[in-house]
Amino acid sequence: MKKVILITGASSGLGLATANALAAAGHTVYGTTRDIKRIKDVSFNPIQMDVTDDASVNAAVDKIIKAEGRIDVLVNNAGNGITGPLYAMPVEFAKKQFEVNFFGVVRVSSAILPEMIERKQGLVVNIGSLAGLFGLPYQGLYSASKFAIEGYSESLRMELQNTGVKVAVVNPGDFKTDFTGNRERVPFSIKNEKLEGEFNAAVAAMEKDESIGAHPDKLAAQIVKIVSKSSPSHSYLVGAIGQTIVPTLKAILPGSVFVKLMNDHYGIK
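Read in my numbering, the sequence shown has 253 at position 266, and its numbers run on one by one without any break.
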């Protein structure tokens, strides 16, 4: 069945691949970007939206509903990354991280869900992260923002139980995209050579993992399948087995063992 789909953050990476895949599957797709000039030669409909701005979100949603009469599926994909030491983190960076990754999800969802509820059908797919299921050293703000999506989605699913509107969360592992190059790095502000060395080692490890990550088309294919389901699962883990198994390890290993396992991977000895 052809659906009207809105996906945020469609100018590059996972969002671009997913928007193209959904359009190729026959759906009417609107992909958002803060700068409409960034999306060219695509098979979907680019639309300007800044997920941090109420007026921008409402204008885009109204435009789609006027053109199509409805929005069947919302894919909350827009996000950014900030890395830095939590033990010396200015609050302004935490606000910046959450404004896009979490408040953006709330803002766009709240603009669309009332219409879905009125029609008694719809699907919200929130793009979380494996990092929203376990903490990562020196990606603490990112992990926290994705943990927030987990709690938000779980509660939202409970509230929508009798409305016909479904909620699914997709938790990707590392993918090879320009997210790596766009990650903002908070300056290391304290004098501690050991900690600074661990910080640099952790950043190098995360960038290496991403550089050999899967192609975004893998995630896009999964979302196409989710959209086609009448009763999608609550959660989907997408990535290499060595990463998707980590939530299970966290559940079964003693806390101290799990922390050591993660720190070893990121060069914190």
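Every residue gets a Cβ at the ideal spot worked out from N, C-alpha and C, and that includes glycine.
A Cβ-Cβ contact shorter than 8 Å links L1 with T164. For A188 and K195, the gap between their C-alpha atoms comes out near 11 Å.
At the C-beta level, G13 and F31 stay beyond 8 Å of one another. Between V156 and S140 the beta-carbon gap is near 5 Å, inside 8 Å, which marks them as a contact.
A distance of 8 Å or more separates the beta carbons of I58 and I69.
In summary, V244 is exposed, with fewer than 16 beta-carbon neighbours lying within 10 Å of its beta-carbon over all protein chains present. In the DSSP annotation of this structure, L147 is not part of any alpha helix (DSSP H), being labelled neither H nor E. Take T39, set aside five residues on each side of it, and the residues of its chain with a beta-carbon closer than 8 Å to its own are E86, V87, F90, G91 and R94, in chain order.
CA-CA distance, Q84 to L123, rounds to 15 Å. Assignment of F162 by DSSP, reduced to helix, strand and coil, places it in the strand class. Here DSSP, grouped into helix, strand and coil, assigns A75 to helix. Counting only residues of its own chain and dropping the five nearest sequence neighbours on each side, F121 has a CB closer than 7 Å to the CB of V233, P234 and K237. Judged by their CB atoms, N169 and I136 are not nearer to each other than the 8 Å cut-off. Bridge partners of Q35 according to DSSP: T20.
Between F175 and F186, the alpha-carbon positions lie close to 8 Å from each other. The C-alpha of N45 lies about 26 Å from the C-alpha of I213. T5 carries a helical assignment under DSSP once its states are collapsed to helix, strand and coil.
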